[in-house]
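Read the structure below first, then the notes.
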Amino acid sequence: MALLQISEPGESAAPHQRRLGVGIDLGTTNSLVAAVRSGVAEVLPDERGRAALPSTVHFSPDAITTGHEAAMLAGAIRSAKRLMGKGAADLEGHWLAAHHRFDTSGALPGFVTEAGPKSAQEVSAAILGALKARAEATLGGTLAGAVVTVPAYFDDAQRQATKDAAAMVGLPVLRLLNEPTAAAVAYGLDSGEEGVIAVYDLGGGTFDVSLLRLQRGVFEVLATAGDTALGGDDLDNLLVDWLLERVGVDGVPDGQARVALKELARGLKERLSDETSVPVELEIGSHRWQGELTRETFERLVAPLVDATLKPCRRVLRDAKVAREDIRAVVMVGGSTRVPAVRARVSRFFEREVLIDIDPDSVVAIGAAVQADALVGNRADDDLLLLDVTPLSLGLETMGNLVEKVIPRNTTIPVARAQEFTTYKDGQTAMALHVLQGERELVDDCRSLARFEINGLPPRVAGALRIQVLFQVDADGLLTVSALERESGTVASIDVRPSYGLEDGEIERMLGESMERAAEDAVARALAEQRVDAERALEAIGSALASDGDRHLDGSERAAIDALAGAVRQAVSDGDRDAIRAAVEALEAGSARYVERRMNASVHAMMAGRTLSEIDDE
Amino acid sequence: MRLRGVVHDLVVDVDGAADAARPDLSADYFTLFDQPRRFSIDEDVLAERYRRLQGLTHPDRFASASTVERRWSVQASSFVNDGFETLRRPLKRALYLLSLAGVSVDEETDTAMDAMFLMQQMERREALEGVAGAADPLAALTAIERDLESARAEVAGEFDAASARADWPAARDAVRRWQFLDKLGREADDLGARLDDD
Numbered sequence: 024m025a026l027l028q029i030s031e032p033g034e035s036a037a038p039h040q041r042r043l044g045v046g047i048d049l050g051t052t053n054s055l056v057a058a059v060r061s062g063v064a065e066v067l068p069d070e071r072g073r074a075a076l077p078s079t080v081h082f083s084p085d086a087i088t089t090g091h092e093a094a095m096l097a098g099a100i101r102s103a104k105r106l107m108g109k110g111a112a113d114l115e116g117h118w119l120a121a122h123h124r125f126d127t128s129g130a131l132p133g134f135v136t137e138a139g140p141k142s143a144q145e146v147s148a149a150i151l152g153a154l155k156a157r158a159e160a161t162l163g164g165t166l167a168g169a170v171v172t173v174p175a176y177f178d179d180a181q182r183q184a185t186k187d188a189a190a191m192v193g194l195p196v197l198r199l200l201n202e203p204t205a206a207a208v209a210y211g212l213d214s215g216e217e218g219v220i221a222v223y224d225l226g227g228g229t230f231d232v233s234l235l236r237l238q239r240g241v242f243e244v245l246a247t248a249g250d251t252a253l254g255g256d257d258l259d260n261l262l263v264d265w266l267l268e269r270v271g272v273d274g275v276p277d278g279q280a281r282v283a284l285k286e287l288a289r290g291l292k293e294r295l296s297d298e299t300s301v302p303v304e305l306e307i308g309s310h311r312w313q314g315e316l317t318r319e320t321f322e323r324l325v326a327p328l329v330d331a332t333l334k335p336c337r338r339v340l341r342d343a344k345v346a347r348e349d350i351r352a353v354v355m356v357g358g359s360t361r362v363p364a365v366r367a368r369v370s371r372f373f374e375r376e377v378l379i380d381i382d383p384d385s386v387v388a389i390g391a392a393v394q395a396d397a398l399v400g401n402r403a404d405d406d407l408l409l410l411d412v413t414p415l416s417l418g419l420e421t422m423g424n425l426v427e428k429v430i431p432r433n434t435t436i437p438v439a440r441a442q443e444f445t446t447y448k449d450g451q452t453a454m455a456l457h458v459l460q461g462e463r464e465l466v467d468d469c470r471s472l473a474r475f476e477i478n479g480l481p482p483r484v485a486g487a488l489r490i491q492v493l494f495q496v497d498a499d500g501l502l503t504v505s506a507l508e509r510e511s512g513t514v515a516s517i518d519v520r521p522s523y524g525l526e527d528g529e530i531e532r533m534l535g536e537s538m539e540r541a542a543e544d545a546v547a548r549a550l551a552e553q554r555v556d557a558e559r560a561l562e563a564i565g566s567a568l569a570s571d572g573d574r575h576l577d578g579s580e581r582a583a584i585d586a587l588a589g590a591v592r593q594a595v596s597d598g599d600r601d602a603i604r605a606a607v608e609a610l611e612a613g614s615a616r617y618v619e620r621r622m623n624a625s626v627h628a629m630m631a632g633r634t635l636s637e638i639d640d641e
Numbered sequence: 003m004r005l006r007g008v009v010h011d012l013v014v015d016v017d018g019a020a021d022a023a024r025p026d027l028s029a030d031y032f033t034l035f036d037q038p039r040r041f042s043i044d045e046d047v048l049a050e051r052y053r054r055l056q057g058l059t060h061p062d063r064f065a066s067a068s069t070v071e072r073r074w075s076v077q078a079s080s081f082v083n084d085g086f087e088t089l090r091r092p093l094k095r096a097l098y099l100l101s102l103a104g105v106s107v108d109e110e111t112d113t114a115m116d117a118m119f120l121m122q123q124m125e126r127r128e129a130l131e132g133v134a135g136a137a138d139p140l141a142a143l144t145a146i147e148r149d150l151e152s153a154r155a156e157v158a159g160e161f162d163a164a165s166a167r168a169d170w171p172a173a174r175d176a177v178r179r180w181q182f183l184d185k186l187g188r189e190a191d192d193l194g195a196r197l198d199d200d
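Chains V and G supply the protein sequences, listed in that same order.
Start counting the first sequence at 24; every next residue gets the next number (my numbering).
Start counting the second sequence at 3; every next residue gets the next number (my numbering).
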């Protein structure tokens, strides 16, 4: 519990105990982990000094290999991020389907491996596990949690899949943070710039653009847009196709040849950032080609792709109602923004020089590390505030296969919106709700997130009942929907776990299957963690009661909470993990009303005690 | 599934729905944001107050807190967000003032509108439909957007004056015309987005 936070925002329950929080940039091609050490956010390299971990995983019956080592092995999985939160149907026509074999018999499409089918979540879990191990070895302790970045344009399913992946390796997710927001944090804190900035983020497999207003530690996202199916990888793919055409080979070679070609393409792309022409020698089977690739040819090849990124750029300007001349800076993120043609085009679009002095590869992880450090309570000056938005509109299916928007895109989160529906038939006792995400008007053009039913409605004439549907999006951008009929008090609710999402049991199964955590260690650690939790809860409630228990509680309420606290103490001394957890949960539930009363009261007090002039004086 | 729905711009309590607590931060948004209950608003005070309130309620401030506190935080922070959104958008602010005064504006059942105004609307709509075929579509659209903007400013002024003297029928009438203009404005926005994409 952090009951003290509201009156003393800068202090954690135990200031001497520094908790470890890291930022993880879980990328399509490369992933990084960063942390704040001695006040400075920095990327944590591996034991050989390499910062980036290639997002490549190899599964064999006895081992999971990640990163550089996995990249050397045949059958290694790459770019799994592109499949996060996707179902078997999404695979049709997907370019990944041409490079990997898939098993589509299960709930989630699985990459076929020597160790059986592996979902994109499991691949991501392996990468997160490797980064977690690296961070714990470097920092010398157990992580309290991680801020994991996602493309701003990720939908609910893709976000949920990312959280599921972290859960599989027992990595607590402090927050899912949008990549451009993370970049803005790193950039804003570094430069001290204020005003509206644009973040252009061309990652390996996704593209995002966001407009943010920076003001005294507050990072407010005004609008975001993007394309999760467009990325820097595609530049390489275009180049591969061009090379194949030159050498006269039809169709895509498989496996190693394709990997080698992509490596060659990437190398050429990188060299063309500094040189205007590069000689190429290529041999595939009996076909040979020797020639050169000029920057001009390359730029002509990728021009349509770069132009495609400008459409979201126009949209954010329109959505945020910001004119190009009002933008103070354009920050470039993602390795592909090193390509001069990309910089030139974006520069021309925004009518200004783009900022390239920050390292586009590490800026996202650095920003995530700064937020992680704040979230675990290490930041003394608690002035960092990130206000993000929903990337896509959320709505419900209505008559005629239409979608009615409940929460429009670019609404600041967290957000709760209620909408009322009524029955349309006499005696109707159930209502089906279909939750959708997207901008289009027709149901079929939007992404289906969930279907659920509210049953047991009292039979009435059509239109007599009012069913209130509440959409709640949390700070991670994840949606919960509940429905309530007031007259009968009938209730239904659903955490939106998309049809291709994982059930809780499935995560546990995968955790059991794929993780080699020693079982006994895990039990011992879980008990220790539970004890710490219990002690924090007791400490928090104790100091709260001491300060204002009398004001907010009557005698019997107070006695009830004291009894629950006593039960927690007893459970801690008995040392049974489940009993401790149950007792803490009972204490939390039993003190909920009290906690809310005092939190509301403190917000009132804090706000009432301040005038604008005092705020200005800070 | 249904014939019609009403969007509530207010956060409604979810007591029964999830046995969750209702963030009881303030009786109304004007009080929460320390603003007099009237149409004209000090945007700087509003924005500053918003940042302060988010600083106290945002889930990032409660990342390591108990379940109860985290749930409170999500709801309180949502409430603050909705209050800010309601007060900073002029039309939403006007609708909110009407709802506080107990005046309902039902766009769908109440159709008695000034014939002159409706005629103007039809002309505006026709102009909007003509944009795609114009020699310079963007310029044509910009002209329409300017016209809409000044029409909106006019009804906003009417609302401001009427609500200040508590003439709710007149205030309501202004809001209803404003809603028409707002809808056209959104259509113009969509059209602009399509033109941008081509």
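Quick reminder that beta carbons are idealized off the backbone N, C-alpha and C, glycines included.
None of the values given here were measured: they were computed from a predicted structure.
Going by beta-carbon coordinates alone, are alanine 169(V) and isoleucine 47(V) separated by less than 8 Å?
Contact flag set, yes.
Cβ-based burial, isoleucine 603(V) [other Cβ within 10 Å; buried from 16]
It is buried - the Cβ of isoleucine 603(V) has at least 16 other Cβ atoms within 10 Å.
Along chain G, in chain order, which residues have C-beta atoms closer than 7 Å to that of valine 241(V)?
Within chain G, the residues whose beta carbon sits less than 7 Å from that of valine 241(V) are Arg53, listed in sequence order.
Taking only the alpha-carbon atoms, compute the straight-line gap between arginine 248(G) and alanine 172(G) and give it to the nearest angstrom.
Residue 248(G) is absent from the model: chain G starts at 3 and stops at 200.
Whole runs of the alpha helix (DSSP H) within the segment 93–149 of chain G, excluding any shorter than 4 residues:
Listed in chain order, they are 117–132.
May I ask you to report which of helix, strand or coil DSSP gives threonine 317(V)?
Note: threonine 317(V) maps to strand in three-state DSSP.
Is there a Cβ from chain G that is less than 8 Å from the Cβ of methionine 22(V)?
This structure cannot speak to residue 22(V), because chain V is shown only from 24 to 641.
Ends of the beta strand (DSSP E) at glutamine 37(G)?
Looking at the DSSP string, glutamine 37(G) is not in any beta strand (DSSP E), and its letter there is neither H nor E.
With a 10 Å radius around its C-beta and 16 neighbouring C-beta atoms as the bar for buried, classify glycine 108(V) as buried or exposed.
Classification of glycine 108(V): buried, given that the 10 Å Cβ count is 16 or more.
Please tell me whether arginine 182(V) and valine 56(V) are closer than 8 Å, where the distance is taken between their beta carbons.
Going by C-beta atoms, arginine 182(V) is not nearer than 8 Å to valine 56(V).
At the level of alpha carbons, what is the spacing between arginine 63(G) and glycine 57(G)?
The straight-line gap separating the alpha-carbon atoms of arginine 63(G) and glycine 57(G) is approximately 7 Å.
Check this for me: beta carbons of leucine 253(V) and threonine 332(V), under 8 Å apart or not?
Using a Cβ distance threshold of 8 Å, leucine 253(V) and threonine 332(V) count as a contacting pair.
Within 10 angstroms of the Cβ of aspartate 256(V), are there 16 or more other Cβ atoms? Answer buried if so, exposed if not.
Counting of Cβ neighbours within 10 angstroms places aspartate 256(V) among the buried residues, the total reaching 16 or more.
For the segment 321–334 of chain V, which residues have a CB atom closer than 7 Å to at least one CB atom of chain G, in sequence order?
Within the segment 321–334 of chain V, the qualifying residues are Lys334.
Can you tell me whether DSSP reads aspartate 48(V) as helix, strand or coil?
In the structure shown, aspartate 48(V) sits in a strand (DSSP, three-state: E or B).
To the nearest angstrom, report how far apart arginine 24(G) and arginine 341(V) are at their CA atoms.
Any reading at arginine 24(G) must be qualified, since the residue scores a pLDDT of 39, below 50, and its modelled position is unreliable; no value is offered.
Would you say the beta carbon of leucine 419(V) comes nearer than 7 Å to a heavy atom of the ligand GDP?
For the structure depicted, the ligand GDP is absent and the ligand set is empty, with no information on it obtainable.
Below 8 Å on C-beta distance, what does arginine 107(G) contact in chain V?
In the sequence as presented, arginine is not what sits at residue 107(G); that position holds valine. Neighbours of valine 107(G) in chain V, taken as residues at a C-beta separation under 8 Å, are lacking, since the least C-beta distance is about 15 Å.
Within chain V, the residues that glycine 104(G) reaches when beta carbons sit closer than 7 Å
Within 7 Å Cβ-Cβ: nothing; glycine 104(G) doesn't reach chain V, min ~18 Å.
Can you name the start and end residues of the alpha helix (DSSP H) that glycine 187(G) belongs to?
Bounds of the alpha helix (DSSP H) holding glycine 187(G) are 170–199.
Less than 8 Å between CB atoms is the rule here; does leucine 671(V) satisfy it with respect to chain G?
Nothing in the structure corresponds to residue 671(V), since chain V is present only between 24 and 641.
Identify whether glycine 152(V) lies in helix, strand or coil by the three-state DSSP scheme.
Reduced to three states, the DSSP call for glycine 152(V) is helix.
Go through its chain and collect everything with a Cβ distance to arginine 540(V)'s Cβ below 6 Å, but skip five positions before and after it.
For arginine 540(V), the pLDDT reaches just 42, beneath the cut-off of 50, and the residue's location in the model is therefore unreliable, although a value from the coordinates is still provided. If we look at arginine 540(V) and ignore the five residues flanking it on each side, it has no Cβ neighbours.
How is leucine 561(V) classed by DSSP in three states: helix, strand or coil?
Note: leucine 561(V) maps to helix in three-state DSSP.
For chain G, check one thing: does any of its Cβ atoms lie closer than 8 Å to the Cβ of proline 437(V)?
Using a CB distance cut-off of 8 Å, proline 437(V) counts as an interface residue toward chain G.
In angstroms, rounded to a whole number, what distance separates the CA positions of glycine 486(V) and glutamate 476(V)?
The C-alpha of glutamate 476(V) is placed about 18 Å away from the C-alpha of glycine 486(V).
Taking the alpha carbon of leucine 408(V) as the point to measure from, which residue in Ala67(G), Gly194(G), Pro61(G) has its own alpha carbon closest?
Relative to the Cα of leucine 408(V), the nearest Cα in the group Ala67(G), Gly194(G), Pro61(G) belongs to Pro61(G).
If alanine 93(V) sits next to alanine 86(V), beta carbons under 8 Å apart, how far is it from one beta carbon to the other, in whole angstroms?
Their Cβ separation, rounded to whole angstroms, is 10 Å, which puts alanine 93(V) and alanine 86(V) out of contact at 8 Å.
Lysine 109(V) - DSSP class collapsed to helix/strand/coil:
In this structure, lysine 109(V) counts as coil in the three-state DSSP scheme.
Helix, strand or coil at phenylalanine 230(V) [DSSP, three-state]:
In the structure shown, phenylalanine 230(V) falls within a strand segment according to DSSP collapsed to helix, strand and coil.
Buried or exposed for proline 84(V), please, with buried defined as at least 16 other CB atoms from any protein chain shown within 10 angstroms of its CB.
With fewer than 16 other Cβ atoms from the protein chains shown falling within 10 Å of its own Cβ, proline 84(V) counts as exposed.
Return the Cβ separation of valine 356(V) and leucine 258(V) in integer angstroms, given the expectation that the two are a contact with Cβ distance under 8 Å.
Contact between valine 356(V) and leucine 258(V) does not hold, since the beta-carbon distance rounds to 15 Å and is not under 8 Å.
The segment 364–384 of chain V contacting the segment 318–336 of chain V, beta-carbon criterion three pairs below 8 Å:
Between the segment 364–384 of chain V and the segment 318–336 of chain V, the count of C-beta pairs closer than 8 Å reaches three or more; the two stretches touch.
Alanine 207(V) beta carbon less than 8 Å from that of serine 143(V):
With the sequence shown as reference, residue 143(V) is identified as alanine, and serine is not the correct amino acid for it. Alanine 143(V) places its beta carbon 8 Å or farther from that of alanine 207(V).
Which whole-angstrom value is the C-beta distance of serine 102(V) and leucine 76(V), which I expect to be below 8 Å?
About 14 Å separates the beta carbons of serine 102(V) and leucine 76(V), which is beyond the 8 Å limit, so they are not a contact pair.
Asparagine 201(V) - DSSP class collapsed to helix/strand/coil
In the structure shown, asparagine 201(V) sits in a strand (DSSP, three-state: E or B).
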